[in-house]
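Worksheet: the structure to be examined is printed underneath.
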Amino acid sequence: MSEREGQTSYDVHAVEAKWLPVWERLDPFRASDDAVVSGEREKRYALTMFPYPSGDLHMGHAEVFALHDVIARYWRFRGYEVLNPMGWDSFGLPAENAAIRNDEHPATYTYANIDTQFHSMKRYATSVDWSRRLHTSDPEYYRWTQWLFLKLREQGMAYRKNSPVNWCPRDQTVLANEQVLADGTCERCGAEVTKRELTQWFFRTTAYAQELYDCLDDLQDSWIGKVVNAQRSWIGRSEGAHVTFDVDGHDPITVFTTRPDTLFGTTFMVVAVDAKLAEELVTDEQRAEFETYRDEIRKASDIDRLATDRPKTGVFLGVHATNPLTGERIPVWATDYVLADYGTGAVMGVPGGDQRDWEFATTMDLPIVRTTEPPADWDGEAFNGEGPAINSPADGVTSALDINGLSVAEAKAATIAHLESIGHGEGTVNFRLRDWLLSRQRYWGAPIPVIHCPVDGEVPVPEDQLPVELPELRGADLKPKGTSPLGAAEEWVNVTCPTCGGPAKRDTDTMDTFVDSSWYFFRYLSPHDDTQAFDSALAEAWGPIDLYIGGDEHAVLHLLYARFFTKVLRDAGLITWDEPFAAYLSQGKVINNGRKMSKSLGNGVDLGAQLDEFGVDAVRLTLVFASPPEDNIDWADMSPAGSLRFLQRAWRLSGDVESAPGADPAAGDAALRKVTHRTVREAEQLVEAYRFNVVVARTMELVNATRKAIDSGPGGADPAVREAAEVVARLLSLVAPYTAEEMWERLGHEPSVASASWPEVDESLLVEDTVTCVVQVQGKVRATLEVSPDATDEQLTELALAEPNVQRAIDGAEVRRVIVRAPKLVNVVV
């Protein structure tokens with residue numbers, strides 16, 4: 001109903017209540033597999049990170065969903081078949097811990113929160129294809145998580161071993177390296193992480209380390225740079241050599257070094273105190289001292305152990321190794337500043353070239369030999385920069401290799417060649433990346449589908465017995481205790497071995513929630529298929545994801561694991577593409593008064609309260625308009641009330657349009673038409689550059705221009721006003737769908753505006769009649785000129801010098817030069 005028919009106020013809540021059931025009936029965002037497979041329409045797969053159901057939606061969700069919706073709706077306007085699915089990452093520690101805090105069973109708590117979030121998302125009007133909804137905690141989903149685990153195991157990509165692992169004392173479970181923060185605390189709960197020796201399941205991510213590293217070059221331009229750099233740093237590729245040392249009474253030890261040219265300066269060897277190698281090397285005389293030291297060090301986190309300001313400590317293991325270049329015997333020590341999972345757990349000590357080794361040698365009174373000559377003004381200790389090799393060999397040392405005077409690169413190459421020739425080393429590449437520890441000693445996760453038999457060892461659960469469903473354990477104490485609660489479910493644990501038929505036990509660990517989220521975007525393609533994890537033909541048609549939007553907190557964890565899974569699935573023949581996400585956009589955080597929102601700080605903002613007060617569209621518009629997507633938003637500086645006032649102004653335009661739908665705008669207000677068409681063209685460029693906030697700014701300018709045309713021009717009967725109002729409705733549909741839908745109806749169209757086409761741009765209306773040329777004298781602006789876009793340098797010079805303000809600025813001085821940047825700048829130099 002138009003204003004002319006009596007509707008004069010814009011009731012946001014009435015509009016929301018009106019359109020939600022209409023959209024429910026129309027289902028405008030259901031994606032068609034047939035249209036993509038047949039080639040009828042080009043596809044776009046738009047994906048946003050799915051949420052944990054540990055509570056209702058919060059301001060962070062509101063931001064990412066609003067930003068994501070801009071691009072998804074825009075692609076639909078441009079005629080693409082858009083897949084924009086949604087689900088819940090409903091297994092794992094966040095949901096389980098929240099349930100325990102609320103004294104509820106994880107299933108009850110989780111699914112109640114999913115229901116709450118689902119209705120909030122529907123109200124928030126995200127353009128989701130809800131027919132593809134999934135929850136990772138559904139047996140129908142984790143059946144295929146378990147199936148994929150078994151496929152990885154078949155390929156040698158999943159294995160079980162005993163090793164030192166990260167242990168969270170609060171969550172009472174192991175953590176992958178990627179889940180330990182830089183300060184040595186748990187990524188989930190903030191507790192200080194320690195080490196334990198446990199038998200755990202791993203995925204062999206290191207098998208793809210080189211490819212994971214190399215493919216980042218292809219993503220450099222389409223992913224945000226800091227995320228690519230974070231991935232590159234975590235994988236940590238380094239070139240060097242493996243060097244083999246003979247050891248008294250022991251098999252030879254191989255160490256990795258990035259500087260084999262410094263081998264002449266190796267005066268000791270250090271072994272991680274918690275490495276199996278140290279246990280094997282220590283002599284009986286040194287064992288008691290060693291074990292006391294080891295037990296003390298195990299209380300420290302990896303971050304603490306690697307801290308540069310940590311005093312260097314160690315225990316002599318009672319054995320010596322032999323330097324392969326000099327034949328000299330060097331002592332082998334156990335220490336805390338080497339980690340057990342770095343290479344073999346042993347490192348050659350080169351105090352002249354490594355500061356930690358320098359400090360250790362100084363503390364333990366060990367020899368220090370420089371092998372690279374530092375600059376003349378060097379006043380530091382260890383030096384590992386560029387310079388000629390020295391003491392390689394030193395005077396009086398006999399060696400078949402002499403690299404003195406060579407550059408670092410030359411010395412490295414010569415040393416590697418010599419080591420290879422004598423059978424004591426080879427050139428190699430090493431990575432910081434370690435295999436992914438995926439098993440958890442918690443209840444709420446996908447059970448690992450392996451049976452342990454005393455006769456047959458590890459036996460995979462047969463595929464026709466999947467899923468291995470979680471026992472309900474209603475009424476059981478699920479609080480973390482260090483061992484899996486599933487161990488107490490005797491009827492569930494005790495089974496018959498599928499191979500020999502004898503008594504056996506299920507594996508009682510569950511999988512890390514990141515396993516669920518490493519492949520969920522494949523399941524969206526076939527969410528109801530009970531015959532396969534996903535349809536490979538649909539994966540070929542829809543994949544890879546065209547744009548993924550999420551937060552920086554997953555710059556390493558989730559993105560790295562998803563990339564690994566994609567490569568494994570490719571090598572299993574299920575897909576052909578190499579990378580899951582063709583483009584990645586990282587959004588900033590919503591903060592308040594300069595700080596992260598927190599109940600303890602008293603600065604939390606309740607999303608539901610904001611929606612109730614200002615309406616969905618005003619909140620969405622505020623979040624999109626606030627800044628570029630990657631920047632943080634301080635809600636204290638935002639004005640959803642101002643956004644609501646703007647939406648009301650835009651809505652009133654649709655009530656003032658008097659021309660009929662389909663009226664030809666060609667004879668309308670030419671100035672308004674130019675603004676309209678320039679706005680459309682700029683919006684295209686801005687959306688594709690992810691500058692959504694500027695799209696909103698341009699829409700506001702168009703609303704103002706249209707209002708001016710109505711109030712001071714030909715009025716609402718001008719078909720150019722209708723054209724502008726219809727463009728406003730379509731642009732607003734990207735960020736304020738309720739207002740846009742209401743405008744579209746008031747303009748005489750059937751719903752939904754989201755199904756309309758993108759406005760066509762008349763190129764002739766983009767031609768500028770005049771442009772503003774700035775005139776400077778000595779770099780200071782003295783005048784502006786309205787000139788033809790085709791004005792020549794000579795014409796602009798003549799016009800500029802004739803300007804009275806320019807003449808006064810010159811004040812009779814000699815004009816030495818006139819610099820022209822036609823048609824927008826003239827600079828007079830006197």
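Be aware that the sequence shown starts at 1, since it is given in UniProt numbering, and climbs by one per residue.
Positions of the beta carbon are idealized from the N, C-alpha and C atoms, including for glycine.
- Judged by beta-carbon spacing, residue 235 lies within the 8 angstroms limit of residue 431, meaning their Cβ atoms are closer than that value.
- The beta-carbon separation of residue 451 and residue 495, rounded to 6 angstroms, stays under the 8 angstroms limit for a contact.
- At least 8 angstroms separates the beta-carbon of residue 553 from that of residue 588.
- The C-beta of residue 189 has fewer than 16 other C-beta atoms within 10 Å across all chains shown, which makes the residue exposed.
- In the DSSP assignment, residue 252 falls within the unbroken beta strand (DSSP E) covering 250-257.
- Closest option to residue 257, judged by alpha-carbon separation, among 241, 39, 513: 241.
- If the five residues before and after residue 191 are omitted, its C-beta is found closer than 8 angstroms to the C-beta atoms of 168, 169, 170, 171, 185, all from its own chain and listed in chain order.
- In the DSSP annotation of this structure, the continuous segment of the beta strand (DSSP E) that includes residue 81 starts and ends at 81-83.
- Runs of the alpha helix (DSSP H) lying entirely within the region 46-81, each at least 4 residues long, are 59-77 in chain order.
- Following the DSSP letters along the chain, one finds residue 167 inside the beta strand (DSSP E) bounded by residues 158-168.
- Linking residue 577 to residue 586 through their CA atoms gives a straight-line distance of about 23 angstroms.
- Between residue 43 and residue 541, the beta carbon gap of about 7 angstroms places them in contact (Cβ cut-off 8 angstroms).
- In summary, residue 40 is exposed, with fewer than 16 beta-carbon neighbours lying within 10 Å of its beta-carbon over all protein chains present.
- For residue 635, DSSP records no beta bridge to any residue.
- Look at the beta carbons and you see the region 607-623 touching the region 733-748: at least three pairs across the two are nearer than 8 angstroms.
- With contacts defined as CB atoms closer than 8 angstroms, residue 324 and residue 245 qualify as a contacting pair.
- Judged by their CB atoms, residue 50 and residue 87 are nearer to each other than the 8 angstroms cut-off.
- Contact between the region 387-397 and the region 358-373 is present: 3 or more CB-CB pairs across the two stretches fall below 8 angstroms.
- Under the three-pair Cβ rule at 8 angstroms, the region 115-128 does not count as touching the region 426-441.
- Looking at the backbone, the Cα of residue 410 and that of residue 418 are separated by about 12 angstroms.
- Cβ-Cβ separation between residue 526 and residue 535: approximately 5 angstroms, consistent with a contact (criterion under 8 angstroms).
- Annotation: residue 384 to residue 361 spans about 16 angstroms, alpha carbon to alpha carbon.
- In this structure, residue 99 lies away from residue 620, with their beta-carbon atoms at least 8 angstroms apart.
- The criterion of a C-beta distance shorter than 8 angstroms is satisfied by residue 584 and residue 227.
- Contact check for residue 363 against residue 312 passes: the beta carbons are separated by less than 8 angstroms.
- Counting only the Cα atoms, residue 74 lies some 54 angstroms from residue 412.
- With fewer than 16 neighbouring CB atoms inside 10 Å of its own CB, residue 778 falls in the exposed class.
- Sequence-distant Cβ neighbours of residue 462 in its own chain, meaning closer than 8 angstroms and more than five residues away, are 498.
- Put simply, the backbone Cα of residue 795 is about 47 angstroms away from that of residue 637.
- Excluding residues up to 5 positions away in sequence, 758 lie with their Cβ nearer than 6 angstroms to the Cβ of residue 78 in the same chain.
- With a beta-carbon spacing of about 6 angstroms, residue 751 and residue 741 fall inside the 8 angstroms limit used to define contacts.
- Going by DSSP, residue 230 is part of the alpha helix (DSSP H) stretching over 225-235.
- For residue 584, the enclosing beta strand (DSSP E) covers residues 584-587.
- Between the alpha carbons of residue 368 and residue 382 lies a distance of about 9 angstroms.
- Annotation: residue 12 to residue 709 spans about 26 angstroms, alpha carbon to alpha carbon.
- Rounded to the nearest whole angstrom, the CA to CA distance from residue 728 to residue 633 is 25 angstroms.
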